[in-house]
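847 is the number of the first residue of the sequence shown in my numbering; add one for each residue after it. C-beta atoms are modelled at their ideal positions from N, C-alpha and C, and glycine is treated no differently. For reference, the structure is listed below as structure tokens.
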Amino acid sequence: MMLSFRFGRLSGIIVVMMLAAGGIVIAQDGDLAQARDLYASAAYEDALSVLNRLRSSDHPAAQARAIEQYRAFCLLALGRSADAEQAIEAVVVAEPSYHPSNADVSPRVRSAFTDVRRRMLPGIIQQKYAQSKAAFDKKDFATAADGFKQVLAALADPDVAAEAAQPPLSDLRTLAGGFEELSAKAAAPPPPLPAAAPAPTVAAASPPRQAPPRIYASEDAGVEPPVTVNQTLPMYPGQVTMPRTGRLEIVINERGMVESAAMTTSVSAAYDTLALNAVRTWRYKPATMNGVPIKFRKVVQIAIRPTS
């Protein structure tokens, strides 16, 4: 009987804890709805106070984009453009495909979102391509197929139409399309076996599918590494009070242009975006093997020293 009594008390505690946790989520949903109502009634300072409180507390990941979205709306309405730009950047990082609805916001707000998306999307696309290619190399074909599909969708976004029409993004469109097809076929389950196999017939052999070009590195024998023509990193924004380091991994194609780039060690969110945008202008004399240009994976170490 004592064992049963203790178990009953424990169950009651668990139920109370679950109800309490549910109450937190409900309260947060109510706060977000309150912030929306305050924004709609032009009480921007009050709405911003509610959103900042939500932002600094634990909240479901699904709410993160909505919180930053309405913070950007309020900050723009209050004329705080620099703070609004940071909030928009957080929205774009969380959900690159998000566009404000024409019915909900003014042309000024849509323009602010468009400007930030045009600046950030090229770097996000290149980083997503690098992550998808890494999944492909690990034979995680389902993840790779989904990632390459997201790359292709982002490249079709009107805000990056001009960038997507020229290297390196135009090259990524071709590569992502090929890898997406290969990944999808590799991830698909094999077809079921027929109940009774028919007699074998002789069919013309289809030509083998050409494998994607190999990416070489400095440790591969017989490889002449690329020669740098232009590899300029951007200045760090703001004051540097302590040393910062980062690691940038790029793939240089047979024409000496950067095909993809990824920050494998972050410097800061703001600087990472600047660096990934800068790599589009880098140029090299391509790496070669036996005199033939090849793709080459290069690591660029970033060291930022304090401002004197």
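Check                                                                                               : Outcome
Closest by C-alpha distance to PRO1014, when choosing among GLN909, ALA923, LEU1079, TYR975         : TYR975
Backbone secondary structure at SER927 - three-state DSSP                                           : helix
C-beta contact flag for GLU1095 and VAL1145 at 9 Å                                                  : yes
Neighbour-count burial assignment, VAL1075, 16 or more Cβ in a 10 Å radius                          : exposed
For THR1078, the three-state DSSP class (helix, strand or coil)                                     : coil
Assumed close pair ALA1133, VAL1069 - CB separation to whole angstroms, cut-off 8 Å                 : 6 Å
Assumed close pair LYS979, SER1106 - CB separation to whole angstroms, cut-off 8 Å                  : 7 Å
LEU922 versus VAL955: straight-line alpha-carbon distance, rounded                                  : 7 Å
Alpha-carbon spacing of THR989 relative to ALA981, whole angstroms                                  : 6 Å
Alpha carbon of LEU1079 to alpha carbon of VAL1125, nearest angstrom                                : 8 Å
Extent of the continuous beta strand (DSSP E) to which TYR1130 belongs                              : 1129-1131
Residue span of the alpha helix (DSSP H) that contains VAL1006, given as start and end              : First-last for VAL1006: undefined, no H or E at that position.
Cβ distance (whole Å) where ILE971 is taken to contact VAL938 below 8 Å                             : Going by Cβ atoms, the distance from ILE971 to VAL938 rounds to 12 Å, so no, they are not a contact pair.
For VAL871, three-class secondary structure by DSSP                                                 : Reliability of the predicted coordinates at VAL871 is poor, the pLDDT of 39 falling under 50, and the value obtained from them is presented with this limitation in mind. Helix, per DSSP.
For PHE994 and ALA949, believed in contact at Cβ under 8 Å, the rounded distance                    : Not really, about 33 Å apart at Cβ, beyond 8 Å.
Closest residue to ARG1142 among GLY1102, ALA881, ALA1116 (Cα-Cα distance)                          : Residue 1142 is actually Phe in this sequence, not Arg. When each option's Cα is compared against that of PHE1142, the closest is GLY1102.
CB contact flag (ARG1161, ASN898, <9 Å)                                                             : What the structure shows of the chain is the stretch from 847 to 1154, and residue 1161 is not part of that stretch, so it cannot be assessed.
Run of the alpha helix (DSSP H) containing THR1020, from where it starts to where it stops          : 1015-1033
Residue environment, GLY969, which counts as buried when at least 16 other CB atoms sit within 10 Å : buried
Collapsed DSSP secondary structure at PRO1059 in the structure displayed                            : coil
DSSP bridge partner residues for LEU1094 (one or two, in chain order)                               : MET1109, VAL1146
Cβ-based neighbour list, ARG1151, same chain, cut-off 8 Å, excluding 5 preceding and 5 following    : VAL1086, PRO1089
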